[in-house]
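Following: one structure in structure tokens, then a few remarks.
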Amino acid sequence: MTHNFGLYLTLELGNYYGSPSDSWPAGSWPASTEHVIPFFTIVVNELGAERAAHWFIAAEKAHKHVAAADQARDYQFGFAAHLNTEIGDDREPSLPCAAAWEAMKALYELVRRDAAADPAVLFSCAVLASGRKSGRTDERLVAAPASA
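Okay, so the sequence shown: first residue is 641 according to my numbering, each after it adds one.
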């Protein structure tokens, strides 16, 4: 399934932002979208779709912590610290986890620099894309964000 993740993520983003036109990215899509899809794909390729979905859910929670601290003008621990807490014991000292970890930090940095992008939307679309199998969505992964 991982070889189709980029396509599935593009489809989910299209469901949210609208269908892409002849130009890439589509007019209503944030500019960072084009740059972050490969980083999301690295995470899925290294961890597998189901485990990556859990990391994407953790990333969405970590982003909420960062956004709340920004809004409150409170001390900021940063995305990586919150992501580490949210992932918990699932972050082992292996090469695949290291690659996925660095990809997560990079994609978040790119999205944060794009004022038109919402990291929560991208992570949510990534969770949905992780659950797709041959054009169908795995209900276990789709239900996961609602319970978070």
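Glycine is no exception: its CB is placed at the ideal position from the N, C-alpha and C atoms.
Looking from the CA of Ala720, the closest CA among Thr673, Asp754, Tyr748, Ala766 belongs to Tyr748. Rounded to whole angstroms, the Cβ separation of Leu649 and Cys765 is 6 Å, and the two are in contact under 8 Å.
Classified as exposed, Pro733 has fewer than 16 neighbouring CB atoms from the shown chains inside 10 Å of its CB.
Taking every protein chain shown into account, the CB of Glu652 has 16 or more other CB atoms within 10 angstroms, so this residue is buried. The C-beta distance from Val683 to Ala692 rounds to 5 Å, short enough to fall under 8 Å. Between the alpha carbons of Phe717 and Asp758 lies a gap of roughly 20 Å.
Going by DSSP, Gln711 is part of the alpha helix (DSSP H) stretching over 689-712.
Judged by beta-carbon spacing, Val706 lies beyond the 8 Å limit of Leu762, meaning their Cβ atoms are not closer than that value. In terms of CA proximity to Ala708, His722 leads the group His722, Phe696, Ile697.
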